[in-house]
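Trainee: Before I ask anything, here is the structure I am working with.
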Amino acid sequence: MSLQVIKNAIADKKMTCPQCKKPIQKYDKYAETIDAVRDGLGYTDIDSRGSRVTLTCGNDGCAWTERTEFWSQYIED
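What follows is the structure, given as structure tokens:
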């Protein structure tokens, strides 16, 4: 679900670069974070409540990039 939110925010130009204040152009290296793994007697359960992504501004003259779990703070309504 988080990946789709990131894709939509970038496509709709709602994710803003904190350095140049223009829309972020791309993302890379998306990964779900794992909170807990329970394994026993043939039962495995994984709790995943977050995600980490590398955001890159990509606008001319701005080299901002950041790997973050807090990507939602860059989305503006």
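Residue numbers (numbering that gives the first Met the number 0): 0 to 76. Just so it is clear, CB atoms sit at the ideal spot from N, CA and C, and this is done for glycine as well.
From K95 to N58, what does the alpha carbon distance come to, in whole angstroms?
Mentor: Outside the displayed span of the chain (0 to 76) sits residue 95, for which this structure offers no information.
Trainee: Can you find at least 3 beta carbon pairs, one from the stretch 7–26 and one from the stretch 52–70, that sit closer than 8 Å?
Mentor: yes
Trainee: Apply the 10 Å Cβ neighbour rule to Y73 and answer buried if 16 or more other Cβ atoms are within range, or exposed otherwise.
Mentor: As a working note, residue 73 is residue 74 in the sequence shown. Per the 10 Å Cβ criterion, buried.
Trainee: Once the 5 residues before and after I9 are set aside, which same chain residues still bring their CB inside 8 Å of it?
Mentor: Position 10 of the sequence shown holds residue 9. So the list reads P22, I23, Q24, K25, Y26, once near-sequence residues are dropped.
Trainee: Rounded to whole angstroms, what's the CA-CA distance from D44 to S1? Just pull it up for me.
Mentor: Along the sequence shown, one-based indexing puts residue 44 at 45. Along the sequence shown, one-based indexing puts residue 1 at 2. Taking the straight line from one Cα to the other gives about 20 Å.
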